[in-house]
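A.B. asks: What follows is a single structure, and I will ask about it in a moment.
Number of protein chains: 2
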Amino acid sequence: MASDILDATFAALADPTRRAILARLAEGEATVMELAAPFAMSQPGVSKHLRVLERAGLISRGRDAQRRPCRLEATRLKTAMDWLADYRSYWEESYQRLDDLLGELEADKSGTGEREAL
Amino acid sequence: MASDILDATFAALADPTRRAILARLAEGEATVMELAAPFAMSQPGVSKHLRVLERAGLISRGRDAQRRPCRLEATRLKTAMDWLADYRSYWEESYQRLDDLLGELEADKSGTGEREAL
DNA sequence: CAGTTCTATAACTAGATGGTTTTATACGTG
DNA sequence: CACGTATAAAACCATCTAGTTATAGAACTG
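The following block contains the structure:
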């Protein structure tokens, strides 16, 4: 299956530095130096994070003289979200249970056993 | 921020065994033995995965005699999806670019420079 | 060509991860 | 109480990870 893709995608997202890099790239292309600037981290450290993101397919890189501008590639984010979306009913179910509970409390308070329409 | 939560959640999801466990729990509660059955893995191995899922808040555990039934807790999945949803426009943008390109090609073919309404 | 800038690679370290086997704990049953 | 079952904990191992520093390569600049 696409299990390897999900492995790499979720693993890449499991690091705050890499998520911050993606957030920065959401504003547009950036070079390695630009991406490294906000972090108290060496340039090779950032380059390693970029390699992880690239291998996960979350970014791509161009060429501009010495620079290797990075660009966000969002389709793997969609793949991850599609996986999560399969569970949407389970957290909505939690809200439903809470809603049901609140409804029961309201019914008890009114003493009629009738529930108002939502 | 909730950065630690996202770290733990995405890290927990970055393993196919753990994702399979969540998929199983989507069908209802299950004991450790039941969860371990499909995998060519020792029981302590599965217990370790369950500990990772529990620390990430993705499952909770009850008590039934010797058994510790596991239950899916979906709210952290929602948290992860909410993070991903912030990027939705970027993958939709890709479709938009593709759509624009196809539109241009169609316009070129017709030779009028006018685009048909979608 | 010499120097500077941008990035990648190599070599290393500390700590996390994913797995194992073995052992301990807790509970139910005869 | 003794035994079986369900689970956790401990100890260990191999591998991966995230970081470092130092070095090398590639491209511009004077």
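For the protein sequence lines, the chains are A and B, in the order given. First residue of the first sequence? That's 1 in the UniProt record's numbering, and the numbers climb one at a time after it. First residue of the second sequence? That's 1 in the UniProt record's numbering, and the numbers climb one at a time after it. We treat Cβ as the ideally placed atom computed from N, Cα and C, and that holds for glycine.
Taking residue 78 of chain B as the query, report the chain A residues whose CB atoms sit under 7 Å from its CB, ordered along the chain.
C.D. replies: Position 78 of the second sequence, counted from the start, is the residue given in the question as residue 78 of chain B. Those within 7 Å of residue 78 of chain B in chain A are 91.
A.B. asks: What I want to know is whether the C-beta of residue 82 of chain A ends up closer than 7 Å to one or more non-hydrogen atoms of the ligand NAP.
C.D. replies: Ligands in the displayed structure: none, and consequently the ligand NAP is not present.
A.B. asks: Measuring straight from C-alpha to C-alpha, what distance separates residue 49 of chain A and residue 26 of chain A?
C.D. replies: For this step, residue 49 of chain A is matched to residue 49 along the first sequence. For this step, residue 26 of chain A is matched to residue 26 along the first sequence. Residue 49 of chain A and residue 26 of chain A: Cα-Cα distance of roughly 16 Å.
A.B. asks: If you run the structure through DSSP and keep just helix, strand and coil, what is residue 58 of chain B?
C.D. replies: For the purposes of this step, residue 58 of chain B is taken as residue 58 along the second sequence, with counting starting at 1. Of the three classes helix, strand and coil, the one that applies to residue 58 of chain B here is coil, per DSSP.
A.B. asks: Would you call the CB atoms of residue 129 of chain B and residue 32 of chain B closer than 8 Å?
C.D. replies: Only positions 1 to 118 of chain B appear in this structure, which leaves residue 129 of chain B out of reach.
A.B. asks: Taking residue 16 of chain B as the query, report the chain A residues whose CB atoms sit under 7 Å from its CB, ordered along the chain.
C.D. replies: Numbered from 1 along the second sequence, position 16 holds the residue referred to as residue 16 of chain B. Residues of chain A passing the Cβ test: 3, 7.
A.B. asks: Go ahead and pull the three-state DSSP assignment for residue 30 of chain B.
C.D. replies: Numbered from 1 along the second sequence, position 30 holds the residue referred to as residue 30 of chain B. Of the three classes helix, strand and coil, the one that applies to residue 30 of chain B here is strand, per DSSP.
A.B. asks: Against residue 50 of chain B, what residues of chain A qualify as contacts under a CB-to-CB distance less than 9 Å, listed in chain order?
C.D. replies: Within the second sequence, residue 50 of chain B is the residue found at index 50, counting from 1. Within chain A, no residue comes near residue 50 of chain B; the closest Cβ sits about 18 Å away, beyond 9 Å.
A.B. asks: Let's see if you can read the secondary structure: which residues bound the beta strand (DSSP E) around residue 71 of chain A?
C.D. replies: Working through the first sequence from its first residue, we reach residue 71 of chain A at position 71. First-last of the beta strand (DSSP E) with residue 71 of chain A: 70-72.
A.B. asks: Establish whether the CB of residue 35 of chain A and some CB of chain B are separated by less than 8 Å.
C.D. replies: The count along the first sequence starts at 1 and reaches residue 35 of chain A at position 35. No, residue 35 of chain A lies away from the interface with chain B (no Cβ there is under 8 Å from its Cβ).
A.B. asks: In terms of residues, what are the limits of the alpha helix (DSSP H) holding residue 82 of chain B?
C.D. replies: Mapped onto the second sequence, residue 82 of chain B falls at position 82. From DSSP, the alpha helix (DSSP H) with residue 82 of chain B extends over 75-85.
A.B. asks: Taking C-beta pairs closer than 9 Å, name the residues in chain A that residue 39 of chain B reaches, listed in chain order.
C.D. replies: Indexing the second sequence from 1 puts residue 39 of chain B at position 39. In chain order: nothing, as chain A lies at least about 14 Å away.
A.B. asks: Can you give me the C-alpha to C-alpha distance between residue 10 of chain B and residue 79 of chain A, rounded to a whole angstrom?
C.D. replies: Translated into the one-based positions of the second sequence, residue 10 of chain B becomes position 10. Translated into the one-based positions of the first sequence, residue 79 of chain A becomes position 79. Roughly 14 Å between the two C-alpha positions.
A.B. asks: Kindly identify the DSSP beta-bridge partner or partners of residue 67 of chain B.
C.D. replies: Here the question's residue 67 of chain B lines up with position 67 in the second sequence. Beta-bridge pairing links residue 67 of chain B to B:64.
A.B. asks: Under 8 Å, do residue 63 of chain B and residue 70 of chain B count as touching if we go by C-beta distance?
C.D. replies: For this step, residue 63 of chain B is matched to residue 63 along the second sequence. For this step, residue 70 of chain B is matched to residue 70 along the second sequence. No. Outside cutoff.
A.B. asks: Of the residues A:86, A:73, A:84, A:85, which one's Cα is nearest the Cα of residue 93 of chain B?
C.D. replies: Within the second sequence, numbered from 1, the residue matching residue 93 of chain B stands at position 93. The residue with the shortest Cα to Cα distance from residue 93 of chain B is A:73.
A.B. asks: Quick one, are the C-beta atoms of residue 86 of chain B and residue 15 of chain A less than 8 Å apart?
C.D. replies: Position 86 of the second sequence, counting from 1, holds the residue named residue 86 of chain B. Position 15 of the first sequence, counting from 1, holds the residue named residue 15 of chain A. No, the Cβ-Cβ distance between residue 86 of chain B and residue 15 of chain A is not below 8 Å.
A.B. asks: Considering just the uninterrupted stretch of the alpha helix (DSSP H) at residue 42 of chain B, what are its terminal residues?
C.D. replies: Start at 1 with the first residue of the second sequence, and residue 42 of chain B comes out as number 42. Taken as a continuous stretch (DSSP letters only), residue 42 of chain B belongs to no alpha helix (DSSP H), as it is neither H nor E.
A.B. asks: List, in order along the chain, the chain A residues whose C-beta lies closer than 9 Å to that of residue 72 of chain B?
C.D. replies: Numbered from its first residue, the second sequence carries residue 72 of chain B at position 72. Near residue 72 of chain B (Cβ distances below 9 Å), the residues of chain A are 87, 90.
A.B. asks: Count the other CB atoms within 10 Å of the CB of residue 58 of chain B; is the residue buried (16 or more) or exposed (fewer)?
C.D. replies: Here residue 58 of chain B corresponds to residue number 58 of the second sequence, with the count starting at 1. Residue 58 of chain B should be labelled buried.
A.B. asks: Taking Cβ-Cβ distances shorter than 7 Å, what residues in chain B pair up with residue 119 of chain A?
C.D. replies: The requested residue 119 of chain A does not occur in the structure, where chain A is confined to residues 1 to 118.
A.B. asks: With 8 Å set as the bound, which would you pick, yes or no: does the beta-carbon of residue 166 of chain A sit closer than that to a beta-carbon of chain B?
C.D. replies: No statement about residue 166 of chain A is possible, as the shown extent of chain A runs from 1 to 118 and does not include it.
A.B. asks: Quick one, which of B:52, B:88, B:76 has its alpha-carbon nearest residue 2 of chain B's?
C.D. replies: In the second sequence, the residue the question calls residue 2 of chain B occupies position 2. Of the listed residues, the one whose Cα sits closest to residue 2 of chain B is B:76.
A.B. asks: Check the C-beta distance from residue 18 of chain A over to residue 53 of chain A and give it rounded, since I have them as a contact under 8 Å.
C.D. replies: For the purposes of this step, residue 18 of chain A is identified with residue 18 of the first sequence, where counting begins at 1. For the purposes of this step, residue 53 of chain A is identified with residue 53 of the first sequence, where counting begins at 1. Confirmed, about 6 Å.
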